[in-house]
Structure formats: structure tokens, C-alpha cells
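Participant:
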Amino acid sequence: MAGKFELYKDKSGEFRFRLKAGNGEVIATSSESYETKAGALNGIDSIKRNAAEANVDDQTD
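Written as C-alpha cells, this is what we have:
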């Protein structure tokens with residue numbers, strides 16, 4: 003089963019999203035809330051476009 007983005011409203015009525023793996027485990031959440039649904043969908047779209055080419059910046063050394 004493929005992962006999915008879940009779009010929801012938080013306690014303050016603003017929009018947020020989380021990314022769930024195929025097994026249902028949450029693997030990422032929006033760090034901010036969005037006033038509009040369109041804003042949250044743009045955030046999801048940005049992750050889809052940018053994550054595939056993102057590098058790992060290992061700052062543990």
C-alpha cells in the first residue's frame with residue numbers, strides 16, 4: 003500500500019497535513035498551520051516536488 007497525505011483541521015480551525023506510510027505510521031507532519039485549504043495543498047505539492055531530489059545534510063559529525 004502506498005503512503006498518503008492526510009489533510010485536516012486543527013483545534014484552531016486551521017489546515018494541516020501529515021504524511022502516512024503505507025502501514026499507517028505518521029512519517030511527517032506540517033510544522034505550521036495554514037489559514038486556507040489551498041495553502042495546505044500548496045505545502046503538500048511543495049513536498050512532492052522537492053523531496054525526491056533533496057540531499058541529506060548529516061550534521062552529526
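Positions in the sequence shown are counted from 1; adding 2 to them yields my numbering. A virtual CB, placed ideally from N, CA and C, is assigned to each residue, including glycine.
So, is Ala4 buried or exposed, given that buried needs 16 or more other C-beta atoms within 10 angstroms?
Facilitator: As a working mapping, residue 4 is identified with position 2 in the sequence shown. Exposed is the call here.
Participant: At 4 residues or longer, what runs of the alpha helix (DSSP H) sit wholly inside the region 18–55?
Facilitator: Runs of the alpha helix (DSSP H) inside the region 18–55: 39–53.
Participant: Quick check on the DSSP output: the beta strand (DSSP E) that includes Lys13 runs from which residue to which?
Facilitator: As a first step, residue 13 is located in the sequence shown; it is residue number 11 there, counting from the start. Looking at the DSSP string, Lys13 is not in any beta strand (DSSP E), and its letter there is neither H nor E.
Participant: So the candidates are Gln61, Phe7 and Asp63; which of them puts its Cα closest to the Cα of Val28?
Facilitator: Locating residue 28 in the sequence shown gives position 26, where the first residue counts as 1. Comparing Cα positions, the closest option is Phe7.
Participant: Taking Lys22 as the reference, which of Thr31, Val58 and Tyr36 has the closest Cα?
Facilitator: By one-based count along the sequence shown, residue 22 stands at place 20. Among Thr31, Val58 and Tyr36, the Cα nearest to that of Lys22 is on Thr31.
Participant: Around the Cβ of Gly45, are there at least 16 other Cβ atoms within 10 angstroms (buried) or fewer (exposed)?
Facilitator: Here residue 45 is taken as the residue at index 43 of the sequence shown, counted from 1. Classification of Gly45: buried, given that the 10 Å Cβ count is 16 or more.
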